[in-house]
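Worksheet: the structure to be examined is printed underneath.
Residue numbers (the numbering used here): 3 to 165.
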């Protein structure tokens, strides 16, 4: 018997509003010991996902420039100074989750076989995917959830049999 999404998914999802600041999101993720969270709009609909990677990339991009190798040492110094001034000023205006989230929401149905989920996660380079029933999100499958298959002998056998 095939192992389905509903058997390994985490049913409780901790979503955040898109209006939260990036700093509040970082605290939320840290406090809940998670690396990402669905993002909801004002009506509670999921509109994207925000992760620690999104926060890191935002901060990294504010300090880094891909054209810096083409500049003279003096120009690089001036460009770095200007980026730091801009980043400092940007820090005064709160960056909201909507500004850094990934607006793409991939999902699978509760009855999707975990082998299919693994293929999607690998091909799309995902660490998490939402699980739905009748177009409503009922859970999430993360890489941690996928490890349940490896650590549970009965689930491993069922996956291997591929019936």
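Even for Gly, the Cβ is constructed at its ideal location relative to N, Cα and C.
(request) Return the Cβ separation of residue 133 and residue 122 in integer angstroms, given the expectation that the two are a contact with Cβ distance under 8 angstroms. (result) What you label residue 133 is simply residue 131 of the chain shown in a count that begins at 1. What you label residue 122 is simply residue 120 of the chain shown in a count that begins at 1. With a Cβ gap of about 12 angstroms, residue 133 and residue 122 do not count as contacting.
(request) Locate the alpha helix (DSSP H) running through residue 159, then write down its first and last residues. (result) In the chain shown, the residue the question calls residue 159 occupies position 157. 155 to 163 is the span of the alpha helix (DSSP H), which, as asked, contains residue 159.
(request) Evaluate contact between the region 18 to 26 and the region 77 to 85, counting only Cβ atoms and requiring at least three cross-stretch pairs below 8 angstroms. (result) In short, these stretches do not touch, since the Cβ pair count stays below three.
(message) Residues in the same chain with beta-carbon distance under 8 angstroms from residue 34, minus the five sequence neighbours each way, listed in chain order, please.
(response) Indexing the chain shown from 1 puts residue 34 at position 32. Hits under 8 angstroms: 16.
(message) Given this structure, state the Cα-to-Cα distance separating residue 4 from residue 61, to the nearest angstrom.
(response) Here residue 4 corresponds to residue number 2 of the chain shown, with the count starting at 1. Here residue 61 corresponds to residue number 59 of the chain shown, with the count starting at 1. Distance between the alpha carbons of residue 4 and residue 61: 43 angstroms.
(message) Rounding to the nearest angstrom, what Cα-Cα distance links residue 10 and residue 59 in this structure?
(response) Here residue 10 corresponds to residue number 8 of the chain shown, with the count starting at 1. Here residue 59 corresponds to residue number 57 of the chain shown, with the count starting at 1. Spanning the two alpha carbons is a distance of roughly 30 angstroms.
(message) Suppose contacts are defined by Cβ-Cβ distances below 7 angstroms. Is residue 54 in contact with residue 74 by that definition?
(response) Along the chain shown, read from residue 1 onward, the residue named residue 54 stands at position 52. Along the chain shown, read from residue 1 onward, the residue named residue 74 stands at position 72. No, they are not a contact pair.
(message) Do residue 130 and residue 144 count as a contact pair if the criterion is CB distance below 7 angstroms?
(response) Mapped onto the chain shown, residue 144 falls at position 142. Mapped onto the chain shown, residue 130 falls at position 128. Their beta carbons are under 7 angstroms apart, which means residue 144 touches residue 130 by this criterion.
(request) With a cut-off of 8 angstroms on the beta carbons, I'd call residue 56 and residue 23 a contact; round off their distance for me. (result) Looking up residue 56 in the chain shown gives position 54. Looking up residue 23 in the chain shown gives position 21. Not a contact, Cβ separation roughly 13 angstroms.
(request) Could you pull the start and end residues of the beta strand (DSSP E) that residue 97 belongs to? (result) Here residue 97 refers to the residue found at position 95 when the chain shown is read from its first residue. Segment: none, residue 97 is in no beta strand (DSSP E) and carries neither H nor E.
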